[in-house]
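Numbering (this note's numbering), first residue to last: 12 to 149.
For each residue, glycine too, the CB sits at the ideal point set by N, CA and C.
Here is the structure we will look at, set down as structure tokens.
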Amino acid sequence: MTSDRNALPHQSTSLGPSIWAVSDGRAGNAAQVRSVTQALSETRRWMQIAHINGAGHRADPIVLTPRRPWTWLPGTAWPAPLKALPADQRNLLHSPWPTIWIAAGRRSAVYTAAIKQWSGDQTLCVQILDPKADPTAF
Numbered sequence: 012m013t014s015d016r017n018a019l020p021h022q023s024t025s026l027g028p029s030i031w032a033v034s035d036g037r038a039g040n041a042a043q044v045r046s047v048t049q050a051l052s053e054t055r056r057w058m059q060i061a062h063i064n065g066a067g068h069r070a071d072p073i074v075l076t077p078r079r080p081w082t083w084l085p086g087t088a089w090p091a092p093l094k095a096l097p098a099d100q101r102n103l104l105h106s107p108w109p110t111i112w113i114a115a116g117r118r119s120a121v122y123t124a125a126i127k128q129w130s131g132d133q134t135l136c137v138q139i140l141d142p143k144a145d146p147t148a149f
């Protein structure tokens with residue numbers, strides 16, 4: 012995967028630790044991420060990755076909807092993950108990066124690997140379940 016995010020790696024220490032929770036929108040994956048995040052007692056952001064209908068069922072989700080032809084390929088084959096998103100959603104992923112990123116689902120895995128890269132490996136990235144990708148990317 013090549014970097015398509017030119018932001019400098021940056022985490023905000025003045026705001027304290029932050030957790031971003033990510034799922035592909037499927038109920039089982041969302042429940043897994045929610046449970047881990049709640050166990051850590053901090054839900055700062057809820058992100059939902061959806062490839063069909065980006066309408067989220069949470070109060071204030073950040074909805075990311077990768078588009079075709081990207082979704083026809085496995086996430087590991089996306090050379091520039093941000094380009095898979097509509098223009099208005101590309102700006103949702105920017106620094107300051109979270110302290111911890113917890114994700115589940117194959118469509119979120121490409122963004123998990125990207126966040127690790129964009130944060131300069133400063134974000135602890137946790138990918139729950141089997142994303143069918145090389146675990147060293149996380």
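Nearest residue (CA-CA) to residue i, options the options
i    : options                : result
S130 : A98, T110 and A144     : T110
D141 : P28, I30 and S34       : S34
L93  : P107, Q43, P77 and N40 : P77
A124 : V44, T82, F149 and R45 : F149
Buried/exposed call for residue i, threshold 16 Cβ in 10 Å
i    : result
R118 : buried
A91  : exposed
L103 : exposed
P146 : exposed
W31  : buried
A50  : exposed
DSSP-derived helix/strand/coil call for residue i
i    : result
Q49  : helix
Q133 : coil
V44  : helix
W81  : helix
Contact with chain B by residue i, beta-carbon distance below 8 Å
i    : result
I139 : Absent from the structure is chain B; it holds one protein chain and no more.
Contact set for residue i: own chain, Cβ-Cβ below 7 Å, skip 5 residues either direction
i    : result
A95  : P77, R78, W81 and W89
C136 : W112, T123, I126, K127 and F149
Paired residues, beta bridge with residue i - DSSP
i    : result
A114 : V33 and Q138
Neighbourhood of residue i by C-beta, 8 Å cutoff - its chain only, sequence neighbours within 5 removed
i    : result
T134 : Q22, W108, P109, T110, I111, W112, I126 and K127
Cut-off 6 Å between Cβ atoms - residues of its own chain near residue i, not counting five sequence neighbours on either side
i    : result
A115 : S34, N40, Q43, V44, I139 and L140
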